[in-house]
Amino acid sequence: MSAGMQQLIAKTAREVLQESDADEVTEHQLRMEVSKRLGVDLALPKHKAIVSLAMQSFLEGGRVPEDVGGDAHEDREAGEDPERSDAPKEYTDGGDLVICKLSEQRKVTVGKFKGKPLVSMRKYYNKDGKERPSPNGISLTADQWLALKNSVPAIEAAIKKMTSGS
Numbered sequence: 001m002s003a004g005m006q007q008l009i010a011k012t013a014r015e016v017l018q019e020s021d022a023d024e025v026t027e028h029q030l031r032m033e034v035s036k037r038l039g040v041d042l043a044l045p046k047h048k049a050i051v052s053l054a055m056q057s058f059l060e061g062g063r064v065p066e067d068v069g070g071d072a073h074e075d076r077e078a079g080e081d082p083e084r085s086d087a088p089k090e091y092t093d094g095g096d097l098v099i100c101k102l103s104e105q106r107k108v109t110v111g112k113f114k115g116k117p118l119v120s121m122r123k124y125y126n127k128d129g130k131e132r133p134s135p136n137g138i139s140l141t142a143d144q145w146l147a148l149k150n151s152v153p154a155i156e157a158a159i160k161k162m163t164s165g166s
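Count the sequence shown with full-length UniProt numbering and you get residues 1 to 166, in order.
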């Protein structure tokens, strides 16, 4: 899908959210309305991911960035990594947003499973020309991710202690 199409989907999603009560509209309703306005089927995982990201951004900050899924520059908040903010968004073949590549085959992704957000860290392999997630990895719910995130300082301290030879 072209960057222009991604931007058009995001822009239309933003317009729909601004015109409606964001507390009442569901992601499915948003996708259906954007699909109707653009005359495009947005049932593919990559399209769903763009609409989902647009809605999430709108709910978190009251706005949807102009470049959801695109290449345009977005306003940066203090502390954001400038290299990652300007980079085009990458999605897996399953429609999950790739946050970072840990190695050539390992990725950290954010996606939805049964309507709930998951942070996944796993190995990927190629089959029939498509990249597929392997069972080697872990998927964390939002609560599990928060617990891990809050434990990062303790993990860093333990690593520092181990590498300093103490």
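Built from N, CA and C at the ideal position, the CB exists for glycine as well.
Three-state secondary structure (DSSP) at residue i?
i	result
residue 4	helix
residue 164	coil
residue 12	helix
residue 33	helix
residue 98	strand
residue 167	The question about residue 167 has no answer here: the residues shown for the chain are numbered 1 through 166.
residue 19	helix
residue 24	coil
residue 156	helix
residue 151	helix
Measure the C-alpha to C-alpha separation of residue i and residue j and round it to an integer number of angstroms.
i	j	result
residue 115	residue 45	13 Å
residue 149	residue 117	15 Å
residue 133	residue 50	20 Å
residue 137	residue 6	29 Å
residue 100	residue 93	15 Å
residue 164	residue 147	26 Å
residue 73	residue 159	Here residue 73 scores only 35 on pLDDT, less than 50, and its place in the model should not be relied on; the value that follows carries that caveat. Near 36 Å, if we compare the C-alpha coordinates of residue 159 and residue 73.
residue 42	residue 156	42 Å
residue 131	residue 161	38 Å
residue 34	residue 151	39 Å
residue 14	residue 154	39 Å
residue 57	residue 40	22 Å
residue 19	residue 28	16 Å
residue 4	residue 135	34 Å
With distances taken between CB atoms, is the gap from residue i to residue j smaller than 9 Å?
i	j	result
residue 122	residue 139	yes
residue 55	residue 17	yes
residue 91	residue 105	no
residue 110	residue 128	no
residue 144	residue 108	no
residue 47	residue 31	yes
residue 11	residue 52	no
Any beta-carbon of chain C closer than 9 Å to the one on residue i?
i	result
residue 107	In the structure shown, chain C does not exist; there is a single protein chain.
Whole beta strand (DSSP E) elements within the segment 100-132, 3-residue minimum: 106-113 and 116-127
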